[in-house]
Amino acid sequence: MEAAGRSNGVNYDCLLFDMNDTLYPLSSGLNLACRNNIIEYMLEHLDIEESEVPRMCLELYREYGTTMTGLKALGYEFDNDEFHAYVHGRLPYEKLKPDPVLRNLLLSMPQRKIIFTNADHTHAVQVLNKLGLEDCFEGIICFETLNPPEQVDYLDVVEDLTVTECLSSKRGILCKPSVEAMEAAIRIANVDPKKTIFFDDSTRNIASGKAAGLHTVIVGSSVLVPGADHALSSIYNIKEALPEIWEVEEGEQLEQVIQTSAVKTVVLA
Numbered sequence: 012m013e014a015a016g017r018s019n020g021v022n023y024d025c026l027l028f029d030m031n032d033t034l035y036p037l038s039s040g041l042n043l044a045c046r047n048n049i050i051e052y053m054l055e056h057l058d059i060e061e062s063e064v065p066r067m068c069l070e071l072y073r074e075y076g077t078t079m080t081g082l083k084a085l086g087y088e089f090d091n092d093e094f095h096a097y098v099h100g101r102l103p104y105e106k107l108k109p110d111p112v113l114r115n116l117l118l119s120m121p122q123r124k125i126i127f128t129n130a131d132h133t134h135a136v137q138v139l140n141k142l143g144l145e146d147c148f149e150g151i152i153c154f155e156t157l158n159p160p161e162q163v164d165y166l167d168v169v170e171d172l173t174v175t176e177c178l179s180s181k182r183g184i185l186c187k188p189s190v191e192a193m194e195a196a197i198r199i200a201n202v203d204p205k206k207t208i209f210f211d212d213s214t215r216n217i218a219s220g221k222a223a224g225l226h227t228v229i230v231g232s233s234v235l236v237p238g239a240d241h242a243l244s245s246i247y248n249i250k251e252a253l254p255e256i257w258e259v260e261e262g263e264q265l266e267q268v269i270q271t272s273a274v275k276t277v278v279l280a
């Protein structure tokens, strides 16, 4: 049994999904390729001593959630888009194949479904397209959503709701696993955290999601971690572990809203 107990009486309105190593397995090799690209960027563009790079990557990831966030916190100056283009632009996306099983599972869920990732928008769209899941989610909350450039307002469109979310870069990069990032995602998606399920493969993200009030599911683990309400050894086991996602109270209808475009970032003139 991979559930930590049913949440009786709860009707869920929204499902927030992490993407990397959650919607596809770690064995795909994209994670390793990404780490290698980060190391190369640090060596070639930031002139960091080669012997220091592996240790820095590990320590910065552990402390800040992403190596990029940690590098910025240490004072390294580089263009965010350039970093993402280098790190993600050369990934072996061809290793990702269409996943009709997961696609059908997602489409059968009546709730709103939104991607919540630390990755940049281009990478997120590329992954979803390769998996054949591009129309399974109504939006993407990503790096650009949480970290718009200074002096620029972005219009984030989720379903029929328009929210102007401009977060100050003075606070540094905002990303998981910070509780602040979780709370920002909740605001952007305009959801009730008590009626929202958050799926992620990171134990730290799960703990932060729970601290923000979300119902949480650790993916890729058969045992519960701190803050997790459920544990899924595989994303394909959702229906077995959380049948309440498909249970709708009598007389209540939940209309699934699917848009082919992600949460859009539109610069306001």
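Quick note: the sequence shown uses this note's numbering, first residue 12, plus one each step. Quick reminder that beta carbons are idealized off the backbone N, C-alpha and C, glycines included. Note that the structure is predicted; figures quoted are calculated from it, not measured.
Asked                                                                                                                                                                              : Found
Please state whether the Cβ-Cβ distance between I246 and L34 is less than 8 Å.                                                                                                     : yes
State the Cα-Cα distance for the pair L113 and L37, rounded to the nearest angstrom.                                                                                               : 16 Å
Taking the alpha-carbon positions, what's the I152 to L69 distance?                                                                                                                : 25 Å
Tell me the rounded alpha-carbon separation between N42 and G224.                                                                                                                  : 28 Å
Express the C-alpha separation of G100 and H132 in angstroms, rounding to a whole number.                                                                                          : 12 Å
For the stretch 105-147, which segments carrying the alpha helix (DSSP H) assignment without a break, of at least 4 residues, lie completely within its bounds, in sequence order? : 111-118 and 132-142
Roughly how many angstroms separate the alpha carbons of M79 and Y72, rounded to a whole number?                                                                                   : 8 Å
Go ahead and label N47 buried or exposed: buried means 16 or more other beta carbons lie within 10 angstroms of its beta carbon, across all protein chains shown.                  : exposed
Considering only C-alpha positions, which residue in the set G238, N216, G220 and A239 is nearest to G76?                                                                          : N216
May I ask you to verify whether the stretch 144-158 touches the stretch 51-61, counting CB pairs closer than 8 Å and requiring at least 3?                                         : no
Tell whether a beta-carbon distance below 8 Å holds between G231 and D32.                                                                                                          : yes
How far does the beta strand (DSSP E) with I26 in it reach, from first residue to last?                                                                                            : It is Leu, not Ile, that sits at residue 26 in the sequence shown. Looking at the DSSP string, the run of the beta strand (DSSP E) that includes L26 is C25 to F28.
Which term fits G81, buried or exposed, when burial requires 16 or more other beta carbons within 10 angstroms of its beta carbon?                                                 : buried
What is the DSSP secondary structure of V168, reduced to helix, strand or coil?                                                                                                    : Per-residue confidence for V168 stands at a pLDDT of 36, beneath the threshold of 50, marking its modelled position as unreliable; the derived number appears in the next sentence. Residue state, collapsed to three classes: strand.
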